[in-house]
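Working notes for the structure below.
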Amino acid sequence: MSKFLLLAFRNIFRNRRRTLMTLMMVGGGVVCLLLAGGYFGFMTHGLRESTINDGLGHIQIFTADHFRRDEVRVLDTGIENWRQVAASVSTGGHVRGVAPRIEFYGMVSNGTKAAGFMGSGVDPAAEKSLGFVSRVVSGRDLDAKPTGEVEALIGVGLAKSMNVKVGDGLTLLAMTSDGALNGVDVEIVGLTNSGVAAMDARSLRVTLTAAQRLLQSDRVTNLVVGLDSTDNTDKVAAELAPRLRGLPQQMELRKWIDLATYYKQVSTMFNGIFLFMGVIVFFMVLMSSVNTLLMSMFERTREIGTMLAMGTPRGWIVALFVLEATLLGVMGAVVGVVAGNLLGMLLNASGLHMPPPPGYTVAIPFKVLHIPAQMIGSSVLVIVSLALASILPAVRASRLQIAEALAHV
Amino acid sequence: MKPTDALVQVESVSRRFPLDHNYVTALDDASLRVAAGEFLAIAGPSGSGKSTLLNLIGCIDKPTSGRILVEGVDTSTLSPKRMAALRREKIGFVFQTFNLIPVFTAAENVEFPLLVQGISARERKTRVAAALESVGLGARANHRPDLMSGGERQRVAVARAIVHQPALVLADEPTANLDTHNATQLIDLMHDLNRRLGLTFIFSTHDARLLEHTDRIVRLCDGQVESDSLTAGGRHE
């Protein structure tokens, strides 16, 4: 069998120019897939981590009622004894910390203009300890102040529409948990830019105590759990779920992937594009290789006739062609993986940036990840494609009439 | 010679090839008997049916009518797989254009029929060395065909044809691409192998100068056996 393999291997190098062209084509296909896949991987990985670190956290804990019914009054499906729950959760392995949050809506006014906002009440110290960073582009982040003037961070879009800047005052208006209208004065300490224009047009962030004062409630909407690594999410969630079910107020948890709708949409889109590219490369390699392998078969007609005349089983001829194409595919895959990784390293070092996508205001660095699964997948794709491309020439070669093949010029 | 002693029996064989809406008769009611150990030349001008007859005896084509027996087996009734097995085990081929595998060395080319037969690597090595020695190319075993002369290439082809110890070696115009010196040397080599190893050789040629080196000459003309004669050195039926 080793001689058979040797024959297949040497046959590959018979027509070096043609082999080189095929290797360039196959390798080029792999390079395209690796660069595109690596870039998509970088984008989705970056989006995943930024989604988590922008405040989504790895796990969020809500009351079961939060999912079962709509709030009649603000925070009536919130967590009552959240400090006890947070303390219990913090004792688990891989948990870096727990941050309480209040999500609320209201109106903001500066006396001349008013706008709706989506508010968050946060514990700045807890947020900071979890590495959740507000993207402050002007001013500073929130500082927990137990008394006195309440601080607020607002989105750049909201600041623009309200015509306010850092240091200006605003009045927040919202419904309390008792159904009354309440208001608090805040001082703008910073402007944030999330990169998503629609978010920045409505976002507002105050401290947890300020939000509780505004809403007249001790409850929180949810608890955000930060872990030491995103990879531990499933493990920690599986450990936490039974503990939460044993608490007096029934709780439920959601993993980051359940809450990251935008991430899932982007990830699905990238996967779709990558799959489409894979299909294109597959057929590109298949169609061009069929032609190349057919040419090779025609050139070797007399040789195939000789082998058949010597009693070589026709199955061996099929196997020889498939083996040659498969070896060519393996070589092309190796060339592609090496070239793809080298090009990827070059691009990563170049500091290139892509223009901001629609809805974003920040340019995205052009970097590619070196993903082993993509290297294996792309290699298998081109190898299978070449092996399939060889079937037609292989079958035609094996069905040659010996006498005619021997007379072939 | 009794019919049962014949290694090859060609019985009223015809071969017609379709051409447009008609047929071309390449072989017309030809009969022939070849005994084991013979050194036989099939002579005749181009288009006389020499190659067709060799193809039919070599089981790479089937007659339109008549039958051919190799070692008593009617080849016209065999399945393609059995035909391939018969060629693999019983027949060696030498072609006009050598038909060596260009990416293989001389030794690897000679080894190929043994590889197809599933012979062990150790035995292959011994038999390849012996076959190459027998054609005087022991020292050229590791050379590729493109580095060899035409005469050497054809001797490699002869070594390949005899390495699996076939009952019959068929050579279609083996000297057509050789100069007179190499052609004579090749025929003498084949004749020597015929005598030393008892191998049966049937070869076709239209070169009259080579016929004096053979034992028996079958002349074909227009697909028919015109004459079947023994030369001075040949054995008589």
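Chains as they are written, first to last, in our numbering: chain Y, 11 to 419; chain V, 98 to 334. For each residue, glycine too, the CB sits at the ideal point set by N, CA and C.
{"Item": "Any chain V beta carbon closer than 9 Å to Thr316/Y", "Value": "yes"}
{"Item": "Complete beta strand (DSSP E) runs within the stretch 81-123 of chain Y (minimum length 3 residues, chain order)", "Value": "105-119"}
{"Item": "Within-9 Å CB hit, Asn25/Y to chain V", "Value": "no"}
{"Item": "Contact set between Glu205/V and chain Y, taken where Cβ atoms lie within less than 9 Å", "Value": "Lys13, Leu16 and Leu17"}
{"Item": "Alpha-carbon to alpha-carbon, Val340/Y and Ser400/Y", "Value": "14 Å"}
{"Item": "Run of the beta strand (DSSP E) containing Asp125/V, from where it starts to where it stops", "Value": "Asn119 to Ala132"}
{"Item": "Endpoints, alpha helix (DSSP H) assigned at Met341/Y", "Value": "Arg324 to Ser360"}
{"Item": "Between the CA atoms of Ser60/Y and Asp268/Y - distance to the nearest angstrom", "Value": "16 Å"}
{"Item": "Beta carbon proximity, Gln214/V to chain Y, threshold 9 Å", "Value": "yes"}
{"Item": "Neighbour list for Pro323/Y in chain B, Cβ cutoff strictly below 7 Å", "Value": "No chain B appears in the structure shown, which is made up of the protein chains Y and V."}
{"Item": "C-beta neighbour in chain V for Met341/Y, strict 9 Å", "Value": "no"}
{"Item": "Contacts that Arg185/V makes with chain Y (C-beta to C-beta distance below 9 Å)", "Value": "Met320, Gly321, Thr322 and Pro323"}
{"Item": "Partners in chain Y for Phe298/V, counting only beta-carbon separations shorter than 8 Å", "Value": "By Cβ distance, chain Y contributes nothing, its closest Cβ being about 17 Å from Phe298/V, past 8 Å."}
{"Item": "Counted within 10 angstroms of its Cβ, other Cβ atoms place Ser204/Y as buried (16 or more) or exposed", "Value": "buried"}
{"Item": "Contact test: Ile216/V Cβ vs the ligand ADP heavy atom, cutoff 8 Å", "Value": "Because no ligand of any kind appears in the structure shown, any question about the ligand ADP cannot be addressed here."}
{"Item": "Min CB distance Met98/V to chain Y below 9 Å", "Value": "Any answer about Met98/V is weak, because its pLDDT of 40 lies below 50 and its placement is not dependable; what the coordinates show is given next. No - not a single Cβ of chain Y is within 9 Å of the one on Met98/V."}
{"Item": "Range covered by the beta strand (DSSP E) that runs through Gly236/Y", "Value": "Asn232 to Leu237"}
{"Item": "Among Leu237/Y, Ser389/Y and Ser388/Y, the one whose alpha carbon lies nearest that of Ile62/Y", "Value": "Leu237/Y"}
{"Item": "Inter-residue CB distance, Asn279/V and Gln193/V (contact presumed, cutoff 8 Å)", "Value": "That pair is no contact at about 13 Å."}
{"Item": "Among Lys159/V, Ala256/V, Ile198/V and Glu208/V, the one whose alpha carbon lies nearest that of Ala181/V", "Value": "Lys159/V"}
{"Item": "Helix, strand or coil at Ile62/Y according to DSSP, with G and I counted as helix", "Value": "helix"}
{"Item": "Member of His380/Y, Arg223/Y, Arg27/Y and Leu43/Y whose CA lies at the smallest distance from the CA of Leu285/Y", "Value": "Leu43/Y"}
{"Item": "DSSP-derived helix/strand/coil call for Gly167/Y", "Value": "helix"}
{"Item": "Exposed unless 16 or more other CB atoms sit within 10 angstroms - verdict on Arg409/Y", "Value": "exposed"}
{"Item": "Candidates Met355/Y, Gln259/Y, Val147/Y and Leu357/Y: closest to Trp92/Y by CA position", "Value": "Gln259/Y"}
{"Item": "Chain-order list of residues whose beta-carbon lies under 7 Å from that of Val344/Y (same chain, five-residue window excluded)", "Value": "none"}
{"Item": "Beta carbon proximity, Glu334/Y to chain V, threshold 9 Å", "Value": "no"}
{"Item": "Separation of Val99/Y from Thr240/Y, as counted between CA atoms", "Value": "17 Å"}
{"Item": "Cβ-Cβ separation, Thr231/Y to Arg111/Y (assumed contact under 8 Å), whole Å", "Value": "6 Å"}
{"Item": "Straight-line gap, Leu17/Y to Leu337/Y (C-alpha atoms, nearest Å)", "Value": "11 Å"}
{"Item": "Option nearest Arg185/V by Cα separation, candidates Thr316/Y, Thr29/Y and Gly193/Y", "Value": "Thr316/Y"}
{"Item": "With 16 other Cβ atoms within 10 Å as the buried cut-off, status of Met297/Y", "Value": "exposed"}
{"Item": "Sheet register partners of Ala103/V (DSSP bridge)", "Value": "Ala132/V"}
{"Item": "Rounded C-alpha distance that separates Gly134/V from Met294/Y", "Value": "57 Å"}
{"Item": "Distance, Val196/Y Cα to Val108/Y Cα", "Value": "26 Å"}
{"Item": "Interface partners of Arg312/Y on chain V, CB under 8 Å", "Value": "Thr194 and Asn196"}
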